[in-house]
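The listed protein sequences correspond, in order, to chains R and L. Using this note's numbering, you'd call the opening residue of the first sequence number 2 and step up by one each time. Using this note's numbering, you'd call the opening residue of the second sequence number 2 and step up by one each time. Cβ atoms here follow ideal geometry from the backbone N, Cα and C, with glycine treated the same way. Keep in mind it's a predicted model, so treat the numbers as computed, not measured. To start, the structure under review is shown below, and the notes come after it.
There are 2 protein chains.
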Amino acid sequence: MESKKTTIKDIARMTGLSKGTVDRVLHNREGVSKKSYAKVMEVIKDLGYEPNLYASLLAQNKKREIVVVLPGCEKGEFWELVEKGIAKSQDSCSSLGISLQSVHYDQYDIESFRAACKKVLDMEPAGVVLPPMFKNETFVFVDKLKAKEIPFVYIDSKLESDSYLAYFGMPIYQSGYLCAHILTDEQNLKEAAIIRIQRDKHGQSDPTINRREGFIDYMTEHFPGCELHNVFINPNKPKEIDGILEHFFAEHPGVRHIAMFNSRIYLITSFLEKHPEKKYRVVGFDNLAANIKSLKNGTVTALIAQRPDDQAVKAIGALSDLLVFGREPSKRDNFMPMDILTRFNAEYY
Amino acid sequence: MESKKTTIKDIARMTGLSKGTVDRVLHNREGVSKKSYAKVMEVIKDLGYEPNLYASLLAQNKKREIVVVLPGCEKGEFWELVEKGIAKSQDSCSSLGISLQSVHYDQYDIESFRAACKKVLDMEPAGVVLPPMFKNETFVFVDKLKAKEIPFVYIDSKLESDSYLAYFGMPIYQSGYLCAHILTDEQNLKEAAIIRIQRDKHGQSDPTINRREGFIDYMTEHFPGCELHNVFINPNKPKEIDGILEHFFAEHPGVRHIAMFNSRIYLITSFLEKHPEKKYRVVGFDNLAANIKSLKNGTVTALIAQRPDDQAVKAIGALSDLLVFGREPSKRDNFMPMDILTRFNAEYY
DNA sequence: AAATTTTCCGTTACCGTGCACGGAAACTGC
DNA sequence: GCAGTTTCCGTGCACGGTAACGGAAAATTT
């Protein structure tokens, strides 16, 4: 049992052939007689031969590239957290002989996404990681990837099809459901406010829609009498936000519970900090630095976070596992845990 | 920029030395003059040399072994979750040429721990992972490891000393603090019950003590008037537990909040299920299957979990990073996030 | 100054696979 | 029977790094 692992040389010796021929059999290359082929296969099975990965990779001496296609972003925005995950993966990738590249586009400009896709295809990468931001364009893109036999992994959210290698992201509908559970804390509510972003989405795949469904379903099931107010704000006009909120809450003094389904809860903390006596119960999403700050000072009650860095790390890991070790991921759909962050556990995330 | 990665040969050429000497520098082996050493180091930095993992592992052709020393346990107990992490690591380890072994002992029998330690030392492992269960004996053990220059990593909790490579575990005091925060939900409390395990601990390192301190500190700071009742139960006499609890809660009808600082909240769910009308608010620790079950059916309000599987994965990862890549962990103390589990996010952990 | 030790470094034989090259044997057509 | 194909297979170098071996140069001792 302490014997060395069997090598190609052993098989060559056992069969009376040379390692060149054994190699040909292993790779199903032509130029082997049926008799020799059968003999080699038999010995391989008998000895339980497994090729030495290191030697193989060393001899191949290929360089592979994984490309992550992401919206470019300002400091402190959600996608920056994904970038952190990419940075984390850099080390392990480079020591596996894989280089990591990011390609950015403007998430509000479909043309820039098309350009990014073209760029990626020209790079001929060994694998691609992407969040599906523009639904139709993403379908077009991944079809091309499929045609080139380039594996790809979705993060953040996914599009249904049978061609993606894996998906790493939050269970979005359930995150809305959970949000409602935390917001109400099982206390009966009469009213609650949902703060929404005012923007024309043309063809964007928007997880917040699905999330809102989860939220509303929870409320309907548990507190059907609760009235849900939608309040719209525009992140491009930050100065107007406080006014809009002041106006709304003046008209609805009974509302003490606030939820928001995107990562921008920090947009309303300025308003909240002006009314500490109201003790609003506020639940938002994602561990942006600005959100965490408001969480720690008590302005925000809880955040639901989804480990965007881990999503990137795992997506890249799944690809490199495939590329280097030939291992298919065990699951295609990998839901990340929904982390509940409060002021007393936030700093450990 | 499309140039090949720099190799040892490149460095040899650039410095006018041979690759043997470069290799000596890379491994800090002796027999290199200061001048040559400096020259090589400079070129390495300039070219940004990174060794080729495959070639290195292939040439070394070593087999190393990482040993995890753990309390053996029944199905469904805490340490089983750590075992899951070990199983997860098996794949990545074996493809890195590392084999993983577990050595078990009885957590209530110090002699069995001594025997386990001896066994581990005889195995001459390349690295060791362990939770420090018996304080003094662990010190004796890790001293021997240190003498043999075997790196070791603490999980779950840690002992203060300067010899451990890394620690992966929950911030224990803070977890008690957080527990109180969740239990009270910022509502003023008059009374609360702490369920404790009755057992004589001889020399065991017990995280629950520290955790209770955190809990009590939170309560003292936020609700100084709240009376905390200690209720002791004995896990070896499960039939008595319900009676003890019935008796206690009959005598203290005002108590509606319950906390428990070990992983055994499932011991009291039988009692809780008999009194659904009381709507006890119950917070416990760790995502054991039995606990999760009570969480999902609403008996338990929340669990604070610490990713025991991740602890194992990361501990093993830190060791193999050191063994294979020579990378020291960036941090010695790695606190795991304290996950707040409720009935609606538990299944994603 | 010779003898010895120590310090330093180049050489070389691997590790297990991949693959190009070329040669031997078998098979073809005349 | 000979030249030309085709089929099959062995040889040998390459991949990048490791580490033992031994020799030259420098430092030390006698």
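Provide the residue(s) that pair with residue i in DSSP beta bridges, ordered along the chain.
i, result
"R/Asp340", "R/Ala306"
"L/Arg197", "L/Phe233"
"R/Glu192", "R/Glu228"
"R/His334", "Reading the sequence as shown, one finds Asp at residue 334 of chain R and not His. Beta-bridge pairing links R/Asp334 to R/Tyr168."
"L/Arg282", "L/His258"
"R/Phe153", "R/Val129"
Compute the Euclidean distance between the alpha carbons of residue i and residue j, then round it to the nearest angstrom.
i, j, result
"R/Asn62", "R/Gly49", "26 Å"
"R/Asn235", "R/Asp287", "19 Å"
"R/Glu192", "L/Asp186", "20 Å"
"L/Phe345", "R/Gly285", "16 Å"
"R/Glu329", "R/Ile183", "37 Å"
"R/Leu320", "R/Phe169", "12 Å"
"R/Ala306", "L/Asn298", "24 Å"
"L/Met2", "R/Lys85", "Only weak support exists for where L/Met2 lies, its pLDDT of 37 falling under 50; the value from the coordinates is given anyway. Near 24 Å, if we compare the C-alpha coordinates of R/Lys85 and L/Met2."
"L/Phe249", "R/Asp311", "45 Å"
"R/Tyr174", "L/Ala347", "15 Å"
"R/Ala316", "R/Val130", "7 Å"
"R/Ile156", "R/Ile12", "43 Å"
"L/Ser34", "R/Leu342", "55 Å"
"R/Leu246", "R/Leu296", "19 Å"
"L/Thr270", "L/Ile293", "11 Å"
"R/Ser158", "L/Lys20", "49 Å"
"L/Ala1", "L/Glu161", "No statement about residue 1 of chain L is possible, as the shown extent of chain L runs from 2 to 350 and does not include it."
"R/Ala56", "L/Pro126", "25 Å"
"R/Asn263", "L/Tyr267", "36 Å"
"R/Leu190", "L/Tyr281", "20 Å"
"L/Arg65", "L/Lys149", "15 Å"
"L/Ser90", "R/Gly215", "35 Å"
"R/Val143", "R/Leu122", "10 Å"
"R/Ile198", "R/Met171", "21 Å"
"L/Lys238", "L/Tyr109", "16 Å"
"R/Asn211", "L/Tyr350", "21 Å"
"R/Phe233", "R/Phe224", "23 Å"
"L/Gln188", "L/Cys227", "11 Å"
"R/Leu18", "R/Gly327", "28 Å"
"R/Met339", "R/Pro309", "11 Å"
"L/Ala194", "L/Asp218", "15 Å"
Is any non-hydrogen atom of the ligand ADP found closer than 7 Å to the C-beta of residue i, if you look at the structure I gave you?
i, result
"L/Leu324", "In terms of ligand content, the structure shown is empty, and the ligand ADP therefore cannot be addressed."
What residues in the region 327 to 346 of chain L bring their beta carbon closer than 9 Å to a beta carbon of chain R?
Arg328, Phe336, Met337, Pro338, Met339, Asp340, Ile341, Leu342, Thr343, Arg344, Phe345, Asn346
Unbroken alpha helix (DSSP H) runs of length 4 or more, entirely within the region 202 to 255 of chain L: which are they?
208 to 223, 239 to 252
For the region 58 to 74 of chain R, list every residue whose C-beta sits within 7 Å of some C-beta in chain L, in sequence order.
Leu58, Leu59
If you measure beta-carbon to beta-carbon, which residues of the region 94 to 121 of chain R are closer than 8 Å to chain L?
Ser95, Ser96, Leu97, Gly98
Residues of the region 40 to 59 of chain L with a CB closer than 9 Å to any CB of chain R: list them in chain order, please.
Glu51, Pro52, Asn53, Leu54, Tyr55, Ala56, Ser57, Leu58, Leu59
In the region 156 to 172 of chain R, which residues sit with their C-beta less than 9 Å from some C-beta in chain L, listed in chain order?
Met171, Pro172
Just to confirm the assignment: which complete alpha helix (DSSP H) runs, minimum length 4, are found wholly within the region 36 to 115 of chain R?
54 to 61, 79 to 95
Is there contact between the region 36 to 44 of chain R and the region 73 to 90 of chain R, where contact requires at least three CB pairs shorter than 8 Å?
no
Determine which residues of the region 181 to 193 of chain R have a Cβ less than 8 Å from any Cβ of chain L, and write them out in chain order.
His182, Ile183, Asp186
Members of the region 8 to 37 of chain R near chain L, C-beta cut-off 8 Å:
none
Members of the region 305 to 323 of chain L near chain R, C-beta cut-off 7 Å:
none
Near-chain L residues of the region 241 to 274 of chain R (beta-carbon distance less than 8 Å), N- to C-terminal order
none
For the region 278 to 291 of chain R, which residues have a CB atom closer than 8 Å to at least one CB atom of chain L, in sequence order?
none
Cβ pair count under 8 Å reaching 3, the region 255 to 264 of chain L against the region 58 to 73 of chain L
no
Do three or more CB pairs link the region 102 to 120 of chain L to the region 325 to 344 of chain L at distances below 8 Å?
no
Decide if the region 127 to 141 of chain R is in contact with the region 264 to 284 of chain R; the criterion is three or more beta carbon pairs, one per stretch, under 8 Å apart.
no
Residues of the region 75 to 86 of chain R whose Cβ lies closer than 8 Å to any Cβ of chain L, in chain order
none
Of the residues that make up the region 212 to 236 of chain R, which ones have a beta carbon closer than 9 Å to any beta carbon in chain L?
Tyr219
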